[in-house]
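Note sheet for the following structure.
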Amino acid sequence: MRKIFGIGETIYDILFRNGKPVAAVPGGSVFNGLISLGRAGLESTFVTEIGSDLVGQYILGFMQENGINTDYVSCYQGKKTAISLAFLDENNDARYSFYKDYPNNRLDFEMPFIEQDDIVAFGAYFSLNPVLRDKVKPFLQYAKNQGALLYYDLNFRDNHAHEVDSLRDTFRENFALADIVRGSHEDFINLFGYDDCRRIYEETSRYCPRLICTRGRDGVIVIDHGQEYCFKARPIIPVSTIGAGDNFNAGMIYGFVKEGVVPSNLDDLTRDKWEKLVGYGIEFGTEACMSTENYVSREFAQRLKQEL
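Under the working numbering, the first residue of the sequence shown carries the number 1, and numbering increases by one thereafter.
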């Protein structure tokens, strides 16, 4: 079976509702999707960083329990694992405060063995951070050269929007490395100042010909080589939306494996095939919204594992 690789941040999320803590779970944008994919039986490897504290050791064990290969996790001695406080509003959307304790020298890892048609997920500020770029970019270039399928989730939040001008060249590099770019309407506003998918595609298509725009309750727009497809969202009352986009990504990647989507046939995707892929994304994302975990339930994942 094809292997899944992710590179990104690991963080411990503490969720608050009405000013009181209601849950605490391991998280991170790529992390959340990989946990769901590991639960669904896909061979998944994560390149990330944690502290040597109790939280870091708990998260390391949690990854292993959920089928994640942790051979490429950097563990920083004497440092604390990153923490986020997520404050849920009346719509169960979150605002964040972050607390981080990193060393000067970060992300020291050997390149994992990536083969043709494997899948690499990357994104968020982790893939843009100037402190980490000299480690992240060679990893992505290596994966591209090996013939992997690269899936890029912008996940560009407003706390970094003030850096957008200094990061534009890095965004372009990520677009050019990616086979598929995905962003939410919030991401696009933070990056471009607007969320018109067609205008955004005109900006990104010179680097990557496939763009996925997720718009919450307003559904999903896919633009593939200029052809636009629209898909409806599934109406729900969420418990938490924290892992929604991350698990949409996981569902898409699950769909790549199940439907046999590889770099060599990406240009042949029809509307019907995109509908199937987006359907998996919506299914995963919807499931993740039904609890305060950041991932799909084990019961849900077990059913999908049997269908692979």
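Even glycine gets a Cβ: it sits at the ideal position worked out from N, Cα and C. All values reported here derive from a predicted model rather than from experimental measurement.
Nearest residue (CA-CA) to residue i, options the options
{"i": "ILE114", "options": "GLY251, MET1, ALA233 and LYS273", "result": "MET1"}
{"i": "ILE11", "options": "SER291, ARG303, GLY51 and GLU186", "result": "GLY51"}
{"i": "LEU277", "options": "ASN247, THR70, SER291 and ARG298", "result": "ASN247"}
{"i": "GLY138", "options": "ASN155, PHE109, ALA161 and TYR207", "result": "First, the residue type needs correcting, since residue 138 is Pro and not Gly in the sequence shown. Of ASN155, PHE109, ALA161 and TYR207, the residue nearest in Cα terms is PHE109."}
{"i": "ARG210", "options": "PRO21, HIS225, ASN129 and GLU49", "result": "HIS225"}
{"i": "ASP310", "options": "SER166, LYS305, ARG168 and CYS208", "result": "Residue numbering for the chain in the displayed model covers 1 to 308; residue 310 lies beyond these limits and cannot be assessed."}
{"i": "ASN270", "options": "VAL262, GLN227, LYS135 and TYR194", "result": "Asn is not the amino acid found at residue 270; the sequence shown has Thr there. Ranking VAL262, GLN227, LYS135 and TYR194 by Cα distance to THR270 puts GLN227 first."}
{"i": "ARG298", "options": "PHE126, GLY67 and LEU54", "result": "GLY67"}
{"i": "ALA301", "options": "VAL22, GLU43, PRO235 and LEU37", "result": "LEU37"}
{"i": "ARG106", "options": "GLY41, ALA143, ALA148 and GLU49", "result": "GLU49"}
{"i": "GLU203", "options": "ALA233, THR214 and ASP169", "result": "ASP169"}
{"i": "GLU309", "options": "SER44, ILE35 and GLY19", "result": "Residue 309 cannot be examined here, being either before or after the span of the chain that is shown, 1 to 308."}
{"i": "ALA124", "options": "LYS232, VAL164, LEU304 and LEU54", "result": "VAL164"}
{"i": "LYS80", "options": "ILE59, MET111 and LYS3", "result": "ILE59"}
{"i": "GLY147", "options": "GLN306, PHE284, ILE282 and LYS3", "result": "LYS3"}
{"i": "ASN190", "options": "ASP158, ARG198 and GLY219", "result": "ASP158"}
{"i": "SER291", "options": "ALA82, GLY243 and GLN141", "result": "GLY243"}
{"i": "ARG198", "options": "PHE192, ILE253, ILE223 and ASP218", "result": "ILE223"}
{"i": "LYS100", "options": "ASP218, GLU9, TYR229 and GLU275", "result": "GLU9"}
{"i": "VAL131", "options": "ASP195, ASN104 and PHE122", "result": "ASN104"}
{"i": "SER240", "options": "PRO21, ASP13 and ASN92", "result": "ASN92"}
Bridge partner(s) assigned by DSSP for residue i
{"i": "ASN32", "result": "According to DSSP, which records beta bridges pairwise, ASN32 is partnered with nothing at all."}
{"i": "ASP224", "result": "ARG210 and GLN227"}
{"i": "ILE68", "result": "SER44"}
{"i": "VAL73", "result": "THR48"}
{"i": "PRO26", "result": "TYR12"}
{"i": "TYR151", "result": "ALA121 and ILE180"}
{"i": "ILE83", "result": "TYR12 and TYR99"}
Which of helix, strand or coil DSSP assigns to residue i
{"i": "PHE156", "result": "coil"}
{"i": "PRO238", "result": "coil"}
{"i": "GLY6", "result": "strand"}
{"i": "ARG337", "result": "Examination of residue 337 is not possible in this model, given that the chain is present from 1 through 308 alone."}
{"i": "LYS20", "result": "strand"}
{"i": "ASN294", "result": "coil"}
{"i": "VAL164", "result": "helix"}
{"i": "GLY61", "result": "helix"}
{"i": "ALA233", "result": "coil"}
{"i": "LEU191", "result": "helix"}
{"i": "MET252", "result": "helix"}
{"i": "GLY310", "result": "With the chain covering only 1 through 308, there is no way to say anything about residue 310."}
{"i": "CYS197", "result": "helix"}
{"i": "SER264", "result": "helix"}
{"i": "LEU308", "result": "coil"}
{"i": "THR170", "result": "helix"}
{"i": "THR270", "result": "coil"}
{"i": "GLY245", "result": "helix"}
{"i": "GLY285", "result": "helix"}
{"i": "GLY78", "result": "coil"}
Inter-residue Cα distance where the pair is residue i and residue j
{"i": "VAL47", "j": "GLY216", "result": "29 Å"}
{"i": "SER264", "j": "TYR151", "result": "15 Å"}
{"i": "ALA178", "j": "PRO26", "result": "27 Å"}
{"i": "ARG206", "j": "GLN57", "result": "43 Å"}
{"i": "ASN155", "j": "SER166", "result": "17 Å"}
{"i": "VAL262", "j": "ILE221", "result": "21 Å"}
{"i": "ALA143", "j": "VAL120", "result": "7 Å"}
{"i": "LYS258", "j": "ALA24", "result": "32 Å"}
{"i": "GLY183", "j": "LYS273", "result": "20 Å"}
{"i": "TYR280", "j": "GLY251", "result": "5 Å"}
{"i": "ALA40", "j": "LEU304", "result": "6 Å"}
{"i": "ILE200", "j": "ILE212", "result": "10 Å"}
{"i": "LYS232", "j": "GLY245", "result": "15 Å"}
{"i": "ASN174", "j": "TYR102", "result": "24 Å"}
{"i": "CYS75", "j": "VAL55", "result": "12 Å"}
{"i": "GLN77", "j": "ALA288", "result": "33 Å"}
{"i": "PHE284", "j": "PRO235", "result": "14 Å"}
Chain B contact for residue i (CB, 8 Å cutoff)
{"i": "PRO238", "result": "Included in the structure is just one protein chain, with no chain B present."}
Alpha helix (DSSP H) segments (min. 4 residues) lying fully within the region 85–147: Runs of the alpha helix (DSSP H) spanning 4 or more residues and lying entirely within the region 85–147 occur at 133–145, in chain order.
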